[in-house]
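In UniProt numbering, the protein residues as written are 1 to 1105.
Built from N, CA and C at the ideal position, the CB exists for glycine as well.
Each remark here refers to the structure printed beneath this line.
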C-alpha cells in the first residue's frame, strides 16, 4: 500500500535549493467527502438510528411516522438549564448528558469486536447479507492498517458544504411549502399528536371525515410566498459573489429549482433571514438570523478556539429553539450533524481546507471532459493526459498567455508608485464615458480640497496654516481651511519653488496647483481586486457593484457612511500625475430620531435609500471604499433596504505587525467566508410562544389524501441521504412546454424563416458599415465654423465684433440670454448641491447667429491622450512656433492663462509673478514637445501669453460695459459671465476697472501742456502715449494695431523667413521647368524614332513585294 510505504520507507525526492536528494515521508491527514462517502470510507453505516458517527452508540434518534428524527438536542445543554425540564419540545423531561467529542478508545474497542468480513463477490452468486457490528459498523476501513490512523482524533471530515445545502433546502422548503422538501406534512402533524405537544397544530377531524390543518407560525400564505419570490427576483449580488438567484425562481409552480450548493450557502447565511423577516413572526426571523450567523462564523477565515467553544454552545441553543417551532421530521441526520461542526473546526482548523467546494469543482471539470458518454472513463483519461501534456509544454513558452500566468479578471494597476499617497493608488478605471469633459470650478475645488485634506504628507502644512490664520475659539476650523487653505498652500509651495527650495518637490508642486478642468469620466473601476460600477451602469446589469461604504468622522466620532457610487472621475495634475476619485451619494445614517432614516437592529441594519447626507462632501479615494450591497427590506418596505458588507474571494486584509487596532468591528463577509467571527447577542429564551397563525384560515384536507401521503413509507424504513449537488432540480413542466413549443415551431417552418431573417439582418448590417456615420460631438460650446477651424483664436477681432454687434439689439434682449449657470447655486439645508453639467460658453448669446464659445482645450487634450506630446518646432531664425501644432500651442496657452490666474489685476504679463508662470509653462511642457533653443521658446511663450491675457481682459471689459449699460453696476457685479470665475470678475471690478488715478494724471498732463496759450491741445492718443509710454505694435488707447491673426503671425510674419520660403519656391519652380523641358524633349525623340520605324517597315514591305 502506497500510504504505508510513504510513512515507513518514504520516497526519494530532490531538493532544488540545496541540489541534494532526501527521503521524503508523508502521512494522510484526513479524508474529505460527502456523508454517503463518509460511510464507505470509514466503515460506519450512515443510516438508521445510529447514522451519526460522532454520537456513536448513544444517539438521540427516535422513530417518527415516516422517518427517523434526530431530536433531543437538549442533552448537550448544561445540567441546570431550564429547557431540560420543559415538556414543550417532545413532551418529556431531558435528563441525559452527552459530550460532543468521541473518544479514540471507544472506536478501538468497537473495531476489535467486529466479526471477520470476506470482501468480494459471494461464490453462491447471491448478494451477501450486510454484517452489522456493534453498534453500527459494517466493516473495518483499510485505513486502520496505517500505524498512526487509530490515534487520530479527526479521521473523516463532515462536509460543511452538504450540511449547509441540506439545512437550507429543508428550511425554505418547509416555510414555502415546496412539494418534496416540505417537512411540515400531515404525518408530521401526527407526530406532534403522538408526542402530545403543540395542540394548536394537531389535525382536527370534521364530521364529514375531512381534517382541518392549522397554519403553522413559520409557514407562508400564497400571497406571502409570491412576495418572497418577488424579493428573490430583485436580489442582485456583487460581481463574483454568487450566481444570479433570480433565475432559479419559478413562480408558476411555486418552487426554487436549479439551486447549487453555493446558492444554498448564500441563501441560508444572507438572503433567507432578510427576505423572511417581513412575512414571519419575530421569533422565527430571529432563529433564521441566528442560524445564518452561526454558519457565517463557522466559515470564517480566522478562527479562535474560544470562539469555536462559544459556537458549540450557540448551535445547541439554535437547534433547541428550532425544535420548539419546527416539526420533528425536520431534524434528519444532516440537520443534526451541525452540532458537531464546531468541534471538528477545533480539531481541523478553518473549513476552507476541509469542505468539498474545490473537490466538486474539480469533479465538474472532469465531467466536462466526457465527449463519449458510452465510454466516460476513457474520455476523462484521454483528456486529462492531453491537459497534462499541454500544461508541461506551456511552462516553456515565454510571452504567451496561459492558464498559469493569466491575470485575474479584476486585476488593478499593480504595485504603487513612490511619492505622495494620493498619487500612489493602483485603481484601474474602465468603461470610458467622457474623454475630456469640463467640470465647473466649484466642483473641481471640492475634489481638490478632499485630496489636500486626505493627504498625510500635508498635515504639517495644515497645522502651519492654523497657526498663521490664528483661528479663534468657536470658529469651525475645517470650514475655514476648506475655503482658505488651497489658495494659501498654492502660494506657499509656488514661492518655495521659485526660491529653489528642495521642500517643494515635483509631486507636492503638482498637487498644490490643482487639477486640470478637463477630466475623464468612467463607468467602472477596479481597485484592490474589487470591481465597482456606477449606479447608472448597475441599473442595466444583473449584478450590484455600486454600493459603497467608507469610514469617516461625524461630529467628532467615528462613523460608517453608506451610499452608492454616482460617478468615477480621473483628475490630471501637472507632470502627468493622475488621481481617480469616487463621487458618491451618501444615505443619511445619522438621523436616529423620530423621523429616523436608519434602523439598526440586532442582526441587520436598514437604511432609507431616498435620504441624502453630506452632499457637499461626496468624494472618496478608491482605496477608502468598501463594497456593500443592498437587499430590499420586506419588513419596512420601500424605500428601505438592508445593507450587507462583502469580503471578496481572493482579497485578504492582512494586518501589519504591531497593529493594535481591534478587529471586533469588522463585519465584512466573503462569498464563501467572512474574515473573522462576529459578536452575536445571546439567544433570548422564551417559554410562552405561539405555534399557530390566527390570521390565516386553516387548510382542509380529505381523509384519502392523508392515507395516500407517503403510502409506501415504512415506520422502520431507513433514511438515505442522496447527494444531488451536481444535478440541479429539473422542472419537468417547463421541459414539456419547451418540447411542445419546439414541435409547433418546427411545424410552422420557423427554422427556415429564422434563417432568411438572419441573412437579411447580416445584409443590412453590411450595408450599414458602408455608410458614413455622423458622430455627434459631446461639446455644448462647439458650433461648426464655415472655415472648419476648430482651434480658432479666442482673441481674434471677429469675436469682439460679434460681442459688440450683439449689444445693438436693445436692452430688452439682454436679460433673457443670461444663462442659469450665472445665478447662485441653490442651497438645500445648508449643503452645496453639485452640478457636473458642462458650463455654457458665454453669458451673452446672440439671437442672430450661433457662435462657438471659448476654446477649452478639449481637442488638444484628446490628441495628447491619443498620440502623446505634440511636436512644435521653434526655428533658429524665427522666434515663434511653426508647423501644424503651432496654433494649438497658442490656443492652449490662452486656456491656461485665463483658467490659472485667479487675479487678473496686472497691467502686463511681465508683472505676473513667477510662481504663477511656472505652473502654466509646466502644463504646456506636459502636452507639447517644444523643439528649439530654451531662451527663444521662453520668450515666444511669454509674448503669446501676454497677448492672450490682454485679449481676455479686453473681452471681459466689453461684457462688463454692456451689462452695466443695460442692468447697472450692481447687477453686473453679481452676475459674472461663465468665461471667468467670480473671483476674477470681482477682482477686475474692484481693481483696474475702478482705478481713477489715471484721470488725475490725464488732467495734470493736459494742464502742463496747455500752460503755453499758443499750444495745440493733445489728442487722447497723444495723452495715452505720454502717460503709458510708447510700445511697439500698439496704438495707445485703441489696443493692438490692425494685424493678421495670431495663427498667421505665428507662421508668416517674419520677412526673413518669407524671403527664404520665396527662394525655395523659385528653386522648385525652376526645377519643375527643367524637368518639363526634359520630358518634352524625350517625347519628341520617341515620336521621331516611331516615324523612322514606320518608314523603314514600309520600305521593307515594298522590296519584298
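Short Cβ contact (8 Å threshold) for residue 335 with residue 167: yes
Residue 405 versus residue 430: straight-line alpha-carbon distance, rounded: 22 Å
Same chain only: Cβ atoms within 6 Å of residue 537, ignoring 5 sequence neighbours per side: 523
From 281, 318, 177 and 304, residue whose alpha carbon lies closest to that of residue 253: 177
The stretch 297-308 in contact with the stretch 50-63 per 3-pair CB rule at 8 Å: no
8 Å Cβ cutoff met for residue 503 and residue 511: no
Where residue 488 sits in the DSSP three-state scheme: helix
C-beta contact flag for residue 444 and residue 517 at 8 Å: yes
Contacts around residue 227, its chain only, beta-carbon distance under 8 Å, and the 5 residues preceding and following it disregarded: 278, 279 and 634
Within the stretch 422-484, ranges of the alpha helix (DSSP H) (whole runs, at least 4 residues): 441-453 and 459-469
Local conformation of residue 558 per DSSP, three classes: strand
Span separating the alpha-carbon of residue 1113 from that of residue 613: What the structure shows of the chain is the stretch from 1 to 1105, and residue 1113 is not part of that stretch, so it cannot be assessed.
Residue 1108 in three-state terms, based on DSSP: Outside the shown range of the chain, which is 1 to 1105, sits residue 1108, and nothing can be said about it.
Residues bridged to residue 137 [DSSP beta-bridge criterion]: 44
Distance between residue 1002 and residue 953 (C-alpha atoms, nearest Å): 22 Å
One or two residues paired with residue 362 in a DSSP bridge: According to DSSP, residue 362 bridges with nothing at all.
Short Cβ contact (8 Å threshold) for residue 691 with residue 325: yes
Nearest-angstrom Cβ-Cβ length linking residue 986 and residue 1004, presumed shorter than 8 Å: Not a contact, Cβ separation roughly 30 Å.
Beta-ladder partner(s) of residue 552, from DSSP: 559
Three-state secondary structure assigned by DSSP to residue 299: coil
Any 3 or more C-beta pairs closer than 8 Å across the stretch 337-348 and the stretch 97-105: yes
Residue 826 - DSSP class collapsed to helix/strand/coil: Unreliable placement is indicated for residue 826, whose pLDDT of 32 sits below 50; the coordinate value is still reported in the next sentence. In this structure, residue 826 counts as coil in the three-state DSSP scheme.
Cβ shell of residue 345 (< 7 Å), same chain only, five flanking positions each side left out: 298, 303, 308 and 351
Neighbourhood of residue 157 by C-beta distance below 6 Å, restricted to the same chain and skipping five residues each side: 30, 32 and 354
Inter-residue Cα distance where the pair is residue 358 and residue 234: 29 Å
Spatially closest choice to residue 195 from 65, 108, 618 and 433, by CA coordinates: 65
Buried versus exposed call for residue 392 [16 or more other C-beta atoms within 10 Å across all chains shown]: exposed
Length of the line joining the Cα atoms of residue 395 and residue 402: 9 Å
Segment contact, 8 Å Cβ cut-off, at least three pairs: the stretch 306-322 with the stretch 68-81: yes
Through-space distance from residue 37 to residue 362, alpha-carbon basis: 17 Å
Where the beta strand (DSSP E) through residue 584 begins and ends: 578-586
Integer Cβ distance of residue 559 from residue 566, believed to fall under 8 Å: Actually they are not in contact, since the Cβ atoms of residue 559 and residue 566 sit about 20 Å apart, beyond 8 Å.
Own chain partners of residue 689 with C-beta closer than 7 Å, once the 5 adjacent residues on each side are dropped: 283 and 324
The stretch 197-209 / the stretch 253-272 touching (three or more Cβ pairs under 8 Å): no
Run of the beta strand (DSSP E) containing residue 394, from where it starts to where it stops: Note, residue 394: premise wrong, no beta strand (DSSP E); alpha helix (DSSP H) at 376-394.
Per-residue DSSP class, three states only, for residue 165: helix
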